[in-house]
Amino acid sequence: MVGARLDLLLITHLPDVRYLCGFTGSAAVLGVTPNSATLFTDGRYREQARSEAFGVKVVVGKGSALTGAGAWVGRFTANISGQGEAGSIRVGCQFDSVTVAIRDRVRAFLPTSAKLVDASLLVPGLRLIKDADELRCIRKAVKLGDDLLGVALDAIRAGVRESEVAAAMEYEARKRGAEGMSFPSIVAAGARSALPHGVASGARIPRRGFVVLDFGVILAGYCSDMTRTVHLGRTTAESRNWYGAVQAAQQAALEAVKPGASCGEVDEAARSVLRKAKLAEFFTHSTGHGVGLEIHEMPRIGTRQEAVLEPGMVITIEPGIYVPGRGGIRIEDMVAVTRKGCEILTRSPKELIELSR
Ligand code: ZN
Ligand code: ZN
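Counted the way the working numbering counts, the sequence shown spans residues 128 to 484.
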């Protein structure tokens, strides 16, 4: 806040609220001043806020969290104005995660002399580097993800619906304590494997072809994310060639992950392998993304991204190729950047698995 010259900061993005004070409810605004923090919520969360939130004062208003925070902001800024500092008040708000309507409501709470500034990246910037506790949670979520792959492989056979495979994984995840899946599980078989985000559908798995499995769990608030691609029925020389190229691209990117490397360099490591294999045109997304309390966080591992990796960041490495009408392959691991290089958190094997059933 000092760096951004903020007198007041309003945190409205719920994962940021959770990160800063532990509150997990669905209605909250955290108001931060240079020497205090106040959590505003509504009556539904009276008990939960008192038991979860730490280091903050809890205010349960009659109206919405935002109304409560707004009245407080009005009083706070009027108080500073009263001290003769009017015109210099700067209030940070997370423009990226509120609607224009809410931004306008916040502005209406402020005296005309105060300036509302975008502070969207302040807390996500802190969240980039995971501490030991966060890494512990992430490791557990990744481990559960690894275990679910076996459940999926048992469920896959020709004629079974993609959604049944997803259901088997998701049931096991819930039985093992997951709060939910990180995102709608992707089970994309045969020609559907060429859809990078082929969410499990009612389609039946064909006798032959690739099956892309991309899924993750939320455990103690933290997300996991992994992808494996298996082949049902006998592979062809071409499908083995495609798989080998994606595996080599993924390995090259993993080897590029170290402190000081730019995200663009890591992306290029994967992309150049696929370029040499004349498959780069089928690699239609970024190489990876940060993961933590949210499934997609900073940094983005994409073309020409200049952000530099630092120890404590947790990212995915997930190159893939998608040949329309034919099939697709993606391999994704979660990786923690360490002081010397990286630790691959996902343990599932990556050799091409040929299932015959
Ligand atoms: Zn994924
Ligand atoms: Zn991912």
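Ideal Cβ positions, reconstructed from N, Cα and C, are used throughout, including at glycine.
Bear in mind the structure is a predicted one, so any value in this text is a computation, not a measurement.
- By the neighbour-count criterion, in which 16 or more other beta carbons inside 10 Å mark a residue as buried, Glu392 falls on the buried side.
- At least 8 Å separates the beta-carbon of Tyr449 from that of Thr414.
- Taking the Cβ of Asp273 as the reference point, every heavy atom of ligand 2 lies at 7 Å or farther away.
- Linking Lys242 to Pro476 through their CA atoms gives a straight-line distance of about 53 Å.
- In this structure Ile422 is in contact with Asp352, their Cβ atoms being roughly 6 Å apart against a cut-off of 8 Å.
- Contact between the stretch 311 to 323 and the stretch 370 to 389 is absent: fewer than 3 CB-CB pairs across the two stretches fall below 8 Å.
- Between the stretch 345 to 364 and the stretch 467 to 483, the count of Cβ pairs shorter than 8 Å is three or higher; the stretches touch.
- In the three-state scheme derived from DSSP, where H, G and I count as helix and E and B as strand, Ile207 is classed as helix.
- Nearest in C-alpha terms to Gly170, of all of Val227, Glu478, Gly152, is Gly152.
- Leaving aside the five residues that flank Ser320 on each side, the residues in its chain whose CB is nearer than 6 Å to its CB run, in chain order, Phe337, Val339, Gly454, Gly455.
- Between Thr139 and Val225, the gap from beta carbon to beta carbon is short of 8 Å.
- Here His358 is bridged, per DSSP, to Phe337, Glu481.
- Measuring C-alpha to C-alpha distances from Gly304 to each of Gly329, Ala347, Lys403 identifies Ala347 as the nearest.
- Excluding its 5 nearest sequence neighbours in each direction, Cys390 has C-beta neighbours in its own chain below 6 Å: Pro426, Ile428, Gln432, Ala434, listed in chain order.
- For Ser309, the secondary structure class from DSSP, reduced to helix, strand or coil, is coil.
- Nearest neighbour of Gln378 by Cα position, chosen from Ile444, Thr430, Ser328, turns out to be Ile444.
- Residue range 390 to 403 is occupied by the alpha helix (DSSP H) that includes Leu401.
- With at least 16 other beta carbons inside 10 angstroms of its own, Tyr349 counts as buried.
- Three or more Cβ pairs closer than 8 Å define a contact, and the stretch 277 to 291 falls short of that threshold against the stretch 247 to 266.
- Around the CB of Tyr298, fewer than 16 other CB atoms lie within 10 Å, so the residue is classed as exposed.
- For Glu365, the shortest separation between its Cβ and any heavy atom of ligand 1 does not lie below 7 Å.
- Ranked by Cα distance from Gly182, the options Phe203, Arg457, Leu157, Arg335 are led by Leu157.
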